Amino acid sequence: MTISADIVDIGAADWTLVLTTRSNSSGEAKIAWEAIGQHEAGFHAGLTSPAAALEIVLARVERNGAVSPLDVPALVGVLVGHFQRRAR
Numbered sequence: 002m003t004i005s006a007d008i009v010d011i012g013a014a015d016w017t018l019v020l021t022t023r024s025n026s027s028g029e030a031k032i033a034w035e036a037i038g039q040h041e042a043g044f045h046a047g048l049t050s051p052a053a054a055l056e057i058v059l060a061r062v063e064r065n066g067a068v069s070p071l072d073v074p075a076l077v078g079v080l081v082g083h084f085q086r087r088a089r
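Under the numbering used here, the first residue of the sequence shown is numbered 2, with each subsequent residue one higher.
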């Protein structure tokens with residue numbers, strides 16, 4: 002089985018998204034961030050106002066026809082906030 006990792010970091014202050022893909026079409030995602038990373042605007046918006054952040058992303062996706070790299074910080078913030086709340 003072959004494994005390849007793609008690291009997504011578009012400069013959003015100290016966080017990264019690592020996507021690992023296996024040759025059998027499975028994979029996993031790992032999100033890592035430093036404390037300061039929570040203050041990046043898109044990431045912070047996703048953490049603190051997930052509904053609003055998703056509305057903004059949806060509007061941009063509808064306008065552009067695809068998810069842009071600018072949408073990734075907010076989406077990662079939504080995911081991190083969701084799993085942090087579930088873990089409590």
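Glycine included, C-beta positions come from ideal geometry on N, C-alpha and C. Please read these numbers as outputs of a predicted model, since none were measured by experiment.
Out of curiosity, what's the CA-to-CA distance linking residue i and residue j?
| i | j | result |
| --- | --- | --- |
| H40 | L71 | 16 angstroms |
| S5 | R86 | 30 angstroms |
| H45 | W16 | 12 angstroms |
| I18 | R89 | Looking at the sequence provided, one finds Leu at residue 18 rather than Ile. About 22 angstroms. |
| A54 | A33 | 20 angstroms |
| T21 | S27 | 9 angstroms |
| K31 | R61 | 25 angstroms |
By DSSP's criteria, residue i is part of a beta bridge. Which residues make up the other side?
| i | result |
| --- | --- |
| I32 | L18 |
When you measure from the CB of residue i to every non-hydrogen atom of the ligand FAD, does any distance come out below 8 angstroms?
| i | result |
| --- | --- |
| A75 | You won't find the ligand FAD in this model; it holds no ligand whatsoever. |
Decide if residue i is buried, meaning its Cβ has at least 16 other Cβ atoms within 10 Å, or exposed.
| i | result |
| --- | --- |
| L48 | buried |
Along the alpha helix (DSSP H) that carries residue i, what are the first and last residues, could you check?
| i | result |
| --- | --- |
| A46 | 42-49 |
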